[in-house]
Amino acid sequence: MTSIQQNIEQITSQIEAIKQKCHRTQDTVQLLAVSKTKPVDAILEAANAGQRAFGENYVQEGTEKVAYFASHHPELELEWHFIGPIQSNKSRYVAENFHWVHSVNKAKLAQRLNDQRPEGLPPLQVLIQVNTSGETSKSGINDNEIFSLAELISSLPNLTLRGLMSIPAQTSNYEEQLSAFGELANLQQTLKNRFSNQQIDTLSMGMSGDMQAAIESGTTMVRIGTAIFGQRDYSNKQ
Numbered sequence: 001m002t003s004i005q006q007n008i009e010q011i012t013s014q015i016e017a018i019k020q021k022c023h024r025t026q027d028t029v030q031l032l033a034v035s036k037t038k039p040v041d042a043i044l045e046a047a048n049a050g051q052r053a054f055g056e057n058y059v060q061e062g063t064e065k066v067a068y069f070a071s072h073h074p075e076l077e078l079e080w081h082f083i084g085p086i087q088s089n090k091s092r093y094v095a096e097n098f099h100w101v102h103s104v105n106k107a108k109l110a111q112r113l114n115d116q117r118p119e120g121l122p123p124l125q126v127l128i129q130v131n132t133s134g135e136t137s138k139s140g141i142n143d144n145e146i147f148s149l150a151e152l153i154s155s156l157p158n159l160t161l162r163g164l165m166s167i168p169a170q171t172s173n174y175e176e177q178l179s180a181f182g183e184l185a186n187l188q189q190t191l192k193n194r195f196s197n198q199q200i201d202t203l204s205m206g207m208s209g210d211m212q213a214a215i216e217s218g219t220t221m222v223r224i225g226t227a228i229f230g231q232r233d234y235s236n237k238q
């Protein structure tokens with residue numbers, strides 16, 4: 001058994017235990033393995049352990065990994081999520097290669113992703129990134145901008161609106177974590193109510209340090225990286 005496999009099994013067990021504690025036994029919480037800066041060998045180990053959804057932050061690095069697995073291991077049928085900020089001049093690569101985008105925060109970006117999605121591919125699954133903490137260093141839109149952007153995304157044929165994503169301010173205070181995640185969960189419910197004709201079923205929030213609060217607050221997808229793959233090397237990030 002590989003250490004990556006052990007890590008995935010441990011995290012999966014933790015997720016199930018937290019779900020039971022929070023009485024969410026019938027709900028799904030998907031594990032998204034954040035593989036940024038990690039080599040394809042590490043991703044392959046995770047895939048061989050049963051992990052299928054992977055998150056990438058850097059466009060060039062991510063598209064190279066997508067191409068590698070499409071060429072060398074198409075039988076794995078991996079699901080690729082882009083979770084980082086997207087520069088306008090790189091949006092085409094995201095539109096052409098990824099299945100999901102968690103970081104849509106502008107109308108212009110949504111329009112570009114729609115227009116650049118290749119014919120023949122299914123719609124790109126989209127989450128709106130919300131800045132719940134108000135930090136200027138964080139990407140994401142304000143609460144009052146969510147619904148106009150959701151309206152646009154819902155009208156674009158090559159995008160499917162699936163929900164919201166956020167990266168709250170880091171804190172070890174559990175009540176503060178619950179407050180930030182609860183705010184996003186409330187926004188998600190309002191979004192579902194306003195766009196009841198859309199498949200809004202995904203709430204991407206929670207990482208290693210705040211996973212329990214995120215699950216208690218209703219997340220459907222937790223983004224876990226270091227706890228699966230170990231410490232990162234950012235020296236060659238692109």
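With UniProt numbering applied, the sequence shown covers 1 to 238.
Beta carbons: idealized from backbone N, C-alpha and C, even for Gly.
Figure out for me which residue from Val66, Val59, Thr63 and Leu78 has the closest Cα to the Cα of Gln87.
-> One-based indexing of the sequence shown puts residue 87 at position 87. For the options Val66, Val59, Thr63 and Leu78, the alpha carbon positioned closest to that of Gln87 is the one of Val59.
Residue burial classification, Val121 (beta-carbon count within 10 angstroms, cutoff 16) = The residue you call residue 121 lines up with position 121 of the sequence shown. The sequence shown places Leu at residue 121, rather than the Val named in the question. Exposed: under 16 other Cβ atoms inside 10 Å.
Residue range of the alpha helix (DSSP H) that includes Phe229 | Here the question's residue 229 lines up with position 229 in the sequence shown. In the DSSP annotation of this structure, the continuous segment of the alpha helix (DSSP H) that includes Phe229 starts and ends at Thr226 to Phe229.
Any idea what DSSP makes of Thr28, helix, strand or coil?
-> Position 28 of the sequence shown, counting from 1, holds the residue named residue 28. Looking at Thr28 - three-state DSSP - the assignment turns out to be coil, as it is neither helix nor strand.
Drop a sphere of 10 angstroms on the beta-carbon of Gly140, count the other beta-carbons inside from all chains shown, and report buried for 16 or more, exposed for fewer.
-> Here residue 140 refers to the residue found at position 140 when the sequence shown is read from its first residue. Gly140 is classed as buried because its beta carbon has at least 16 other beta carbons within 10 Å across all chains shown.
The ligand SAH heavy atom lying under 7 Å from the CB of Ala150 | This structure lacks the ligand SAH, and indeed carries no ligand of any kind.
Beta carbon of Leu124 nearer than 8 Å to that of Leu113 | Numbered from 1 along the sequence shown, position 124 holds the residue referred to as residue 124. Numbered from 1 along the sequence shown, position 113 holds the residue referred to as residue 113. Yes; because the gap between Cβ atoms is below 8 Å, this pair is in contact.
Taking His72 as part of the alpha helix (DSSP H), name the residues at either end of that continuous run.
-> Residue mapping note: residue 72 aligns to position 72 of the sequence shown, counting from 1. Val59 to His72 is the extent of the alpha helix (DSSP H) around His72.
Are the beta-carbon atoms belonging to Ser35 and Gly55 less than 8 Å from one another?
-> Taking the first residue of the sequence shown as position 1, residue 35 is located at position 35. Taking the first residue of the sequence shown as position 1, residue 55 is located at position 55. Yes, they are a contact pair.
With burial defined as no fewer than 16 other Cβ atoms inside 10 Å of the residue's Cβ, what is the status of His23: buried or exposed?
-> Residue mapping note: residue 23 aligns to position 23 of the sequence shown, counting from 1. His23 comes out exposed.
Determine the burial state of Gly230: buried for a count of at least 16 other Cβ atoms within 10 Å of its Cβ, exposed for fewer.
-> Locating residue 230 in the sequence shown gives position 230, counting from the first residue. By the Cβ neighbour-count rule, Gly230 is exposed, with fewer than 16 other Cβ atoms within 10 Å of its own.
Span separating the alpha-carbon of Leu161 from that of Ile11 = Residue numbering aside, residue 161 sits at position 161 when the sequence shown is read from its first letter. Residue numbering aside, residue 11 sits at position 11 when the sequence shown is read from its first letter. Here the C-alpha atom of Leu161 lies approximately 28 Å from the C-alpha atom of Ile11.
Can you name the start and end residues of the beta strand (DSSP E) that Leu161 belongs to?
-> Counting from 1 along the sequence shown, the entry for residue 161 is found at position 161. Start and end: Leu159 to Ser166.
Other residues of its chain near residue 239: CB distance less than 7 Å, five sequence neighbours each side excluded | The shown model of the chain, from 1 to 238, leaves out residue 239, and the question about it has no answer.
Span of the beta strand (DSSP E) around Glu79 = In the sequence shown, counting from the first residue as 1, residue 79 sits at position 79. Start and end: Glu79 to Phe82.
What three-state label does DSSP hand Gln177 in the structure shown?
-> On the sequence shown, residue 177 is found 177 positions in, with the first residue counted as 1. Annotated three-state conformation of Gln177 is helix, per DSSP.
How is the alpha helix (DSSP H) around Ile141 delimited, first residue to last?
-> Mapped onto the sequence shown, residue 141 falls at position 141. Element bounds for Ile141: n/a, residue is neither H nor E.
Three-state class that DSSP yields for Ser172 in the structure shown | By one-based count along the sequence shown, residue 172 stands at place 172. Reduced to three states, the DSSP call for Ser172 is coil.
Thinking just about the alpha-carbon of each residue, which of Leu203, His99 and Arg232 is nearest to the one in Val130?
-> Numbered from its first residue, the sequence shown carries residue 130 at position 130. It is Leu203 whose Cα lies nearest to the Cα of Val130.
With DSSP as the reference, please indicate the residues paired to Ala17 in a beta bridge.
-> As a first step, residue 17 is located in the sequence shown; it is residue number 17 there, counting from the start. Bridge partners of Ala17: none, in fact.
Between the beta-carbon of Ala42 and the beta-carbon of Ile4, is there less than 8 Å?
-> Against the sequence shown, residue 42 aligns to sequence position 42. Against the sequence shown, residue 4 aligns to sequence position 4. Contact flag set, yes.
Excluding the 5 residues preceding and the 5 following Ser172 in the sequence, name in chain order all residues of the same chain whose CB lies nearer than 8 Å to its CB.
-> Looking up residue 172 in the sequence shown gives position 172. Cβ within range, chain order: Gly209.
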